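In my numbering, the protein residues as written are 8 to 140.
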């Protein structure tokens, strides 16, 4: 069976999610709306268990004035997850912009988290390229 991979795009209000069951195609999933850190960590952990994920790819910002603080927060959040699989971090730079560009005229850009999940799929696609999938 192929390695089951998921990606998350961690934000302060929403967490975008995407999965790949074949190691080739990234599929955006329902976003997780953050009420608090513990609730969000529980929901992400449940999402990873539900899909039997082996590897979690986490987008982190590289460069920029607040990148170090965001990276610290994201890594702290990931530390709260109940997940035994492999965790890999990858630069998420411009994935939110790419998600907006890819959906212009296709869907309304509401703050419902769908764009965050498309950004998570972009993070996963970037990981595939880096790993030669």
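Glycine included, each C-beta is placed from N, C-alpha and C at the ideal position. Remember, predicted model here, so these are calculated numbers, not experimental data.
Am I right that residue 30 and residue 12 are in contact with their C-beta atoms under 8 Å? What's the rounded C-beta distance? 7 Å
For a test of the three-state rule: what should DSSP assign to residue 86, helix, strand or coil? Helix, per DSSP.
For residue 21, report the span of its beta strand (DSSP E) as first-last. 21-27
Applying the 10 Å Cβ sphere with the 16-neighbour rule, what's the burial state of residue 44? exposed
Would residue 50 and residue 67 qualify as a contact pair, given that the criterion is a beta-carbon distance under 7 Å? no
Cβ shell of residue 134 (< 6 Å), same chain only, five flanking positions each side left out: 64, 97
Report the CB separation of residue 25 from residue 122 in whole angstroms; it is logged as a contact under 8 Å. For a cut-off of 8 Å, the C-beta gap from residue 25 to residue 122 is around 12 Å, too long to register as a contact.
Use the C-beta contact count for residue 46: other C-beta atoms within 10 angstroms, 16 or more gives buried, fewer gives exposed. exposed
If we ignore side chains and look at the alpha-carbon of each, how far apart do residue 19 and residue 40 end up? Each residue's CA atom was taken as its position, placing residue 19 and residue 40 some 9 Å apart.
So residue 61 and residue 23 are in contact, right, with Cβ under 8 Å, and what is the actual spacing, rounded? Wrong, their Cβ atoms sit about 20 Å apart, outside the cutoff.
Between the CA atoms of residue 28 and residue 8 - distance to the nearest angstrom: Bear in mind that the predicted position of residue 8 carries a pLDDT of just 45, short of 50, making it unreliable; the figure below should be weighed with that in mind. Their backbone Cα atoms lie some 9 Å apart in a straight line.
From residue 35 to residue 125, what does the alpha carbon distance come to, in whole angstroms? 5 Å
Compare the beta carbon distance of residue 127 and residue 88 with 7 Å and say whether it is the shorter of the two. no
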